[in-house]
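Colleague:
2 protein chains.
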Amino acid sequence: MEKDMIVNPYEVKGDIDYDKLIKEFGVEKINNKLLERIKKHTKELHFMLRRGVFFANRDMNWLLDEYEKGNKFFLYTGRGPSGPIHLGHLGTWTFVKWLQDKFGVELWFQFTDDEKFLFKDKSFEEIQKWTDDNMLDVIALGFDPKKTHFIVDTRNANLLYPEAIKFAKKITFSTVKSAFGMTNENNIGQIFYTSMQAVPAIIPSILKKKNIPCLIPLAIDQDPHFRVARDVYPKLGYYKPAIIHGMFLPPLSGISGKMDSSGNENSASILTTDTSEEVKRKINKYAFSGGQPTIEEHRKLGGNPDIDVCFQYLRMFFEEDDAKLKKIHDDYKSGKLLTGELKQYTINKINEFLKNHQKKREEAKKQLDKFIYK
Amino acid sequence: MEKDMIVNPYEVKGDIDYDKLIKEFGVEKINNKLLERIKKHTKELHFMLRRGVFFANRDMNWLLDEYEKGNKFFLYTGRGPSGPIHLGHLGTWTFVKWLQDKFGVELWFQFTDDEKFLFKDKSFEEIQKWTDDNMLDVIALGFDPKKTHFIVDTRNANLLYPEAIKFAKKITFSTVKSAFGMTNENNIGQIFYTSMQAVPAIIPSILKKKNIPCLIPLAIDQDPHFRVARDVYPKLGYYKPAIIHGMFLPPLSGISGKMDSSGNENSASILTTDTSEEVKRKINKYAFSGGQPTIEEHRKLGGNPDIDVCFQYLRMFFEEDDAKLKKIHDDYKSGKLLTGELKQYTINKINEFLKNHQKKREEAKKQLDKFIYK
């Protein structure tokens, strides 16, 4: 199975072996010492850190060295707006919001509409529609409008393109070929694109005319962009950005690959705009279960939370309380908790979250102006 | 010798065989019928048309069909600002100005600062300096400020980049490899760049929300950009731009290659900022002569105007009067006109031109604002 694992910005498939990715990508696992160091500043640790959902990093210790010297960092993350937002996207951003709150730092949020137009069989207009739509979900998570700046690649090209060509000048086709698996048949926009993704990590440094450290929280499939660009930053006189890597929220169909809303939406993902009925139907019908085929067998043999999609959603996103999560884990494993009960608990948790999210998403329509960088 | 001919936007060398280029590039020679058709609208023919300095075209007959139906075209040309302007650049633009005057049309003038930054070993800042400098020479030629719009790729990226990616999506690396001779070691900005050069040919159509024909006067080395892009325009719903191709003004050193100010300036080119003394020195010292080694032999055998750089400058740019040019040609060929005399005549012509140009170049500093597109 592992042989089939592919993880890059343009393809994620197979059973994800995160330890193997750490080695292949040359990143560092987050260890207890680093967690303690983070906790010194944040007082408590986000459950995604406690549970290893954010599991790897580049240069976090350097970032904290700088922070402790009074050299505050900023956050940079982003979204490729090619379709609706699903729960898999919100995990990373929820964690980003926690970082913003705990460290009191700025966030630059990039909407890579050019990337999605270049890589997807969708029109420019459709991508623009999704850009505007997706902004609402980001705002709904409660980012600080005074400290959060949305940039859209094609709308802020005056800011991004002159810097992107400085990265591009130092990256050859050979390099992007090996980092992204490109061929001579890739279009020339796809080949150039990674330079646009490199830029936001230096924008505050440009605007404030001094070097400011950057921390990029991302799902690990995005790491190759920065693996390519990190060599270039120092050549242009900037710090290499630090990175903190998250795991993928699995699709409903099972714990291989990642949640994805671009394919068959029904069976793979739960969207932020799904009604409570849709959530119920999707979980009940599609969420891969680690339970036994019959109640009798389940009571006798118990379920496997490690491969149960609902349990993973609770662990990775919806059940913040460690004690409650442990009880669910143990009860499911022992057979005390049935699959139907676990599904119902998860449905309730998701719907509770979405009810609030959808309300804030509506309110976000009036707040767009505060977030868009001009 | 012909074997060594290389003509593409990034390299021009060898003896230029224009008939061979017509075949290789798949363009059409300008014939008398087309000249007559142009003359119907312009009353007289520019000497660069009469003498075949502008010698080939794509779709000029279509452009005139549209013009005669009342569908006015606009002009698009440009400059890669990597150094000072020399006489070779001014030839094309002088002809462009004539077209603007005769047809009363708009001109979009692109400064491809991104291209030059990506292809030259020069800093972004130096390229910006040349961009501002080069604008003065364009203005000095007398373009109509009400009908002329300067765009700079990195400064007008909000306008250009969103359109460039639409071209880029339809051009593969294979295509640019064969059109420009690129390899895997080209940087990814160079690979993308041709999409930026495609865009100005559709800007007026975008702004006016209707399809407007475009005519691109250029030196023939730039044709590959549009050979690549012309297939894409109709796919995006636009007309293919028509093109009119000019020959290269030869360097001082002889009639191979083209005048170029990026190498050893002294021996290759005459700059628009050269003093009359410098012009005199350069022509006398470097201008390749078609004359005989001694006056005696010259009187007896005559010179060869076809390979004489001064004669070519007169033919291609500085002697508008056909009768005078013919007399110089015949007298030089017969040996009546000596090389020194031909050089002095040319020096006078160039200095007369430059005196006026330099005055207007100074005045241009105050006019920049009227030309820069905002």
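The listed protein sequences correspond, in order, to chains A and B.
For the first sequence, the residue numbers in the working numbering are 1 to 374.
For the second sequence, the residue numbers in the working numbering are 375 to 748.
Ideal Cβ positions, reconstructed from N, Cα and C, are used throughout, including at glycine.
Since this is a predicted model, take the numbers as computed values, not measurements.
#1: For the stretch 325–344 of chain A against the stretch 289–297 of chain A, are there 3 or more C-beta pairs whose distance is under 8 Å?
#2: To the nearest angstrom, report how far apart Phe-288(A) and Asp-308(A) are at their CA atoms.
#3: Who are the near neighbours of Ala-140(A) in its chain, counting only those whose CB is closer than 7 Å to its CB and skipping five residues on each side?
#4: For a contact meaning CB atoms closer than 7 Å, what does Asp-114(A) contact in chain C?
#5: Can you check whether the C-beta of Glu-125(A) is within less than 9 Å of a C-beta belonging to chain B?
#6: In whole angstroms, what is the alpha-carbon distance linking Leu-534(B) and Phe-554(B)?
#7: Please list, in chain order, the chain B residues whose beta carbon lies closer than 9 Å to that of Leu-35(A).
#8: Confirm the yes/no value for this check: CB of Glu-296(A), any heavy atom of the ligand COA, distance under 8 Å.
#9: Tell me, please, whether the CB atom of Thr-505(B) is closer than 9 Å to any CB atom in chain A?
#10: Using beta carbons (cut-off 9 Å, strictly below), is Ser-195(A) in contact with chain B?
#11: Would you call Thr-557(B) buried or exposed, if buried means 16 or more other Cβ atoms sit within 10 Å of its Cβ?
#12: Between which residues of its own chain and Lys-723(B) is the CB-CB distance below 7 Å, once the five residues before and five after are set aside?
#13: Tell me, which residues are paired with Pro-591(B) by DSSP?
#14: Would you call Asp-4(A) buried or exposed, if buried means 16 or more other Cβ atoms sit within 10 Å of its Cβ?
#15: Is there a Cβ of chain B sitting closer than 9 Å to that of Tyr-161(A), yes or no?
#16: Any beta-carbon of chain A closer than 9 Å to the one on Lys-544(B)?
#17: Apply the 10 Å Cβ neighbour rule to Lys-387(B) and answer buried if 16 or more other Cβ atoms are within range, or exposed otherwise.
#18: Give the DSSP-derived three-state secondary structure of Leu-712(B) in the structure shown.
#19: Is there at least one Cβ from chain A nearer than 9 Å to Ile-576(B)'s Cβ?
#20: If you drop the 5 nearest sequence neighbours on each side, which residues of the same chain put their C-beta closer than 7 Å to that of Lys-327(A)?
#21: In whole angstroms, what separates the C-alpha of Gln-197(A) from that of Ala-531(B)?
#22: By Cβ distance, which residues of its chain are closer than 7 Å to Phe-498(B), with the 5 residues on each side in sequence left out?
#23: Assuming contact is defined by CB atoms lying nearer than 9 Å, are Phe-95(A) and Thr-42(A) in contact in what I supplied?
#24: Ile-188(A) versus chain B: which residues are under 9 Å apart at the beta carbon?
#25: Mind checking if Leu-581(B) is an interface residue toward chain A, Cβ cutoff 9 Å exclusive?
#26: Does DSSP classify Asp-597(B) as helix, strand or coil?
#27: Can you give me the C-alpha to C-alpha distance between Tyr-233(A) and Ile-372(A), rounded to a whole angstrom?
#28: Residues of chain B with a CB under 8 Å from the CB of Ala-229(A): which are they?
#29: Any Cβ of chain A within less than 9 Å of the Cβ of Phe-491(B)?
#30: Quick check on the DSSP output: what are the complete alpha helix (DSSP H) runs of length 4 or more inside the stretch 683–711 of chain B, in order along the chain?
#31: Consult DSSP for Phe-517(B) and reduce its assignment to one of helix, strand or coil.
#32: Can a CB atom of chain A be found closer than 9 Å to the CB of Asp-756(B)?
#33: At the level of alpha carbons, what is the spacing between Leu-249(A) and Thr-172(A)?
#34: Going by DSSP, name the residue or residues bridged to Asn-445(B).
#35: Tell me, please, whether the CB atom of Glu-559(B) is closer than 9 Å to any CB atom in chain A?
#36: With DSSP collapsed to three states, give me the class of Lys-748(B).
Modeller: Taking the definition as stated:
#1: yes
#2: 6 Å
#3: His-357, Lys-360, Arg-361, Ala-364
#4: Annotation note: the requested chain C is absent from the structure, which comprises protein chains A and B.
#5: no
#6: 22 Å
#7: Chain B residues near Leu-35(A): none, gap ~37 Å exceeds 9 Å.
#8: What this structure holds is no ligand at all, so the ligand COA is not there to describe.
#9: no
#10: yes
#11: exposed
#12: Leu-688, Phe-692, Glu-693
#13: Ile-618(B)
#14: exposed
#15: yes
#16: yes
#17: exposed
#18: coil
#19: no
#20: none
#21: 16 Å
#22: Phe-491
#23: no
#24: Phe-541, Ala-542, Lys-543, Ile-545, Thr-546, Phe-547, Thr-549, Val-550, Ile-562, Ile-565, Phe-566, Tyr-567, Thr-568, Ser-569
#25: no
#26: helix
#27: 26 Å
#28: The premise fails here: Ala-229(A) is roughly 11 Å from chain B at the closest Cβ pair, so nothing lies under 8 Å.
#29: yes
#30: 683–687, 696–708
#31: coil
#32: As shown, chain B starts at 375 and ends at 748. That puts residue 756(B) outside it, with no answer to give.
#33: 33 Å
#34: DSSP output for Asn-445(B) lists no bridge partner at all.
#35: yes
#36: coil
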